[in-house]
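So the sequence shown is numbered by the numbering used here: it starts at 1200 and just counts up by one.
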Amino acid sequence: MSLESLNQQTTTPTITPPAQGPLRPHTHTYDLMRQCIHCGFCLPTCPTYALLDVEMDSPRGRIYQMQAVAEGRMEISQEFVDHMYCCLGCRACETACPSGVQFGKLIESAREQIQLEAAHMPLFNGTRQAKQEAAEPAGTEDFSLHEYTESSPATESLSERLLRRFFFDLMLPSRLVTSLVFATLKMYQRSGLQSLAHRTGLLDAVNALPTPLRGQLKTPEELMPAASGNLLPQPLPEITPALTRKRYRVGFISGCIMDQIYRDINEATIRVLAANGCEVITPPRQQCCGALHVHAGEAKRGRQLARHNIDVFEPYNCDVIIINSAGCGSNLKEYGHLLRDDPVYAARASAFSSKVKDISEFLVSIDWNREMGTLQRTITYHDACHLFHGQKVKQQPRELLNAIPGLTLVNLKEADWCCGSAGIYNITNQEMASQLLERKMNNIKATGASVVATGNPGCMMQIALGAKQRGIELEVVHPIQLLDEAYQVGELYEVPAHDTQVARRRQRTLATSIGIGLLMALLLARRHKKKDRESSSKRENS
Ligand code: SF4
Ligand code: SF4
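Here you go:
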């Protein structure tokens, strides 16, 4: 659908706007979208517009569509759903907008509206990929999804619906379920099964099976870095005392996936905070912050998680609440907006949000400890979208990195251009994400740096995947890991060895034994079954 054809419908509202949800006339969201003056300044900064050259996949085009739905000129069709979920939510358009349009809030509201309708969407039999293949004539471009000319009703497959419910309702809100999922992953990695699956082509074979996830498994599998920490990590210590004189009492958000995959970054963050006069409080009852939920339109669950975290953190009465993940930080700073209509939580949510700071933002705002050793390394820095565009934290990480003796920070071209990670975008929109990654990797390669620092776990995974796929020797780190290392080299503190090598060796041995045991059991069972079949056929023949 073109912008012109959409404009032709402006005078004839034919569809009843949604009865409930944010995409209705006279709502806060409606006021936000009416701030757009359609100037188009945001278009050159939008990665999806740059790739697809489709107005409906630009910020301006998306706002047109949202307004059309809110005013009853357009229904929530499959086309609308695709344009809304094709957006990265990178918020580069916000930075470019002269009119102050808060696009992040708009896209989250549009997706919330879609998810409110999703329960009533018809199910279709098959995968999204199969649906796209059926919709596009053979030989058409990759992105025919965005070239529909007629609206078709939005649908969802049963497998998509079940996966969504498992991920958002069961896994992320529960530390236990998240831990079990990642323990399985760690066993797969540490037992050698992963390299076996790659070497023997087993992964390709499984990926080609006619399941609902056909063709979709390889990228998420490759995306997972070698997860750090124990198989089933205990919660981080509730109270870590300040290493020097206590100046601040800070709350620490450990994150859900961050704590499972990048436990070492969380540990480094706590050490750095303690070295800067902070007593660090990590409440064991905290839950996922809800960033992935809100980003994907699961706002109801996102609000539940926000309320829970406010309840958990309030009694500790911290001066600041620290986060080291850009996507989570952006969401935590918007709890006030998320719960603005909640009479019990609105004011408490705003108070909570006002305390949230990214770790780099906090350190630069205090008289931070500069007793660092030398790190002789050439590095570059990638701006995570939700840090740069979402939180406007641009200079602070660079300031920290530039202060480390010996470190050479090389400028990265298009440092704030999305790498394609964008929450779960690199899993749900793999083709688009890989094109964005290609652009990012070319720019990284051009710097000649051997290390990339970035403040978001999703970006770390995506860039590490890019390096692996291209066979580039590249270390991907969080800026706080470099600061932590510089403190260690400067002998400000030591990291106990038992946390690292010894414990990991033990776990590797355990995971390998379990893996081999499972494999043997499988082989024996197959052998047994074969023998049974042979003897029964012999009996029949005789
Ligand atoms: S720059 Fe802002 S006002 Fe202009 S079209 Fe984009 S969103 Fe609308
Ligand atoms: S959030 Fe990013 S992808 Fe989405 S419209 Fe804005 S610039 Fe484009």
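Glycine is no exception: its CB is placed at the ideal position from the N, C-alpha and C atoms.
- Non-local C-beta neighbours of A1441 in its own chain, meaning closer than 7 Å and more than five positions away in sequence, comprise A1473, G1476, C1477, E1478, ordered along the chain.
- Minimum Cα-Cα distance from I1578 among the listed residues S1553, K1644, E1560, I1522 corresponds to K1644.
- One Cα belongs to D1252, the other to L1242, and the distance between them is close to 10 Å.
- In the displayed model, D1557 falls within a strand according to three-state DSSP.
- For A1295, the Cβ falls inside the 7 Å cut-off from some heavy atom of ligand 1.
- Relative to G1589, the option among L1504, A1467, G1299 whose CA is nearest is G1299.
- DSSP lists I1578, E1674 as the bridge partner or partners of V1650.
- L1537 places its beta carbon less than 8 Å from that of G1501.
- Per DSSP, C1292 is one residue of the alpha helix (DSSP H) stretching across 1291-1295.
- In the assembly as shown, C1296 is a buried residue. Its beta-carbon has 16 or more other beta-carbons within 10 Å.
- P1258 sits away from W1616, with the two beta carbons spaced by 8 Å or more.
- Annotation for G1665: no beta strand (DSSP E) segment contains it, though the alpha helix (DSSP H) segment containing it runs 1656-1669.
- By the criterion of at least three beta-carbon pairs nearer than 8 Å, the stretch 1546-1558 is not in contact with the stretch 1602-1618.
- Non-local beta-carbon contacts of V1511 in its own chain, meaning distances under 7 Å to residues more than five positions away in sequence, involve P1482, R1484, Q1485 in chain order.
- Distance from the CA of H1677 to the CA of L1305, rounded to the nearest whole angstrom, comes to 30 Å.
- For the pair of segments examined, the stretch 1640-1660 was found to touch the stretch 1580-1600: the number of CB pairs separated by less than 8 Å reaches three.
- For I1460, the enclosing alpha helix (DSSP H) stretches over residues 1456-1460.
- By the Cβ-count criterion, N1523 is buried, with 16 or more other Cβ atoms from all chains shown falling within 10 Å of its own Cβ.
- Taking C-beta separations shorter than 8 Å and ignoring five residues to either side along the sequence, the partners of P1216 in its chain run L1222, R1223, P1224, V1268, A1269, E1270, G1271, following chain order.
- Within 10 angstroms of the beta-carbon of I1521 lie 16 or more other beta-carbons, which makes it buried.
- Assigned with DSSP and collapsed to three states, Y1544 falls in coil, not helix or strand.
- In this structure, F1451 has its beta carbon at no less than 7 Å from each heavy atom of ligand 2.
- Per DSSP, the unbroken beta strand (DSSP E) holding E1478 starts and ends at 1477-1480.
- By DSSP's assignment, T1439 forms a beta bridge with V1479.
- For G1450, the pairing in a beta bridge is given by DSSP as I1480, I1520.
- Relative to ligand 1, the beta carbon of F1240 is positioned inside 7 Å of a heavy atom.
- Using a Cβ distance threshold of 8 Å, N1508 and C1285 do not count as a contacting pair.
- Going by DSSP, L1606 is part of the beta strand (DSSP E) stretching over 1606-1609.
- Counting every other CB atom within 10 Å of its CB across the protein chains shown gives R1389 a total of 16 or more, marking it as buried.
- In the three-state scheme derived from DSSP, where H, G and I count as helix and E and B as strand, V1300 is classed as coil.
- Pairing M1386 with L1430 gives a Cβ-Cβ distance under 8 Å.
- In this structure, C1487 lies near L1504, with their beta-carbon atoms less than 8 Å apart.
- DSSP, reduced to helix, strand and coil, places P1419 within a helical segment of the structure shown.
- If the five residues before and after F1561 are omitted, its C-beta is found closer than 7 Å to the C-beta atoms of V1519, I1521, all from its own chain and listed in chain order.
- Here DSSP, grouped into helix, strand and coil, assigns C1238 to coil.
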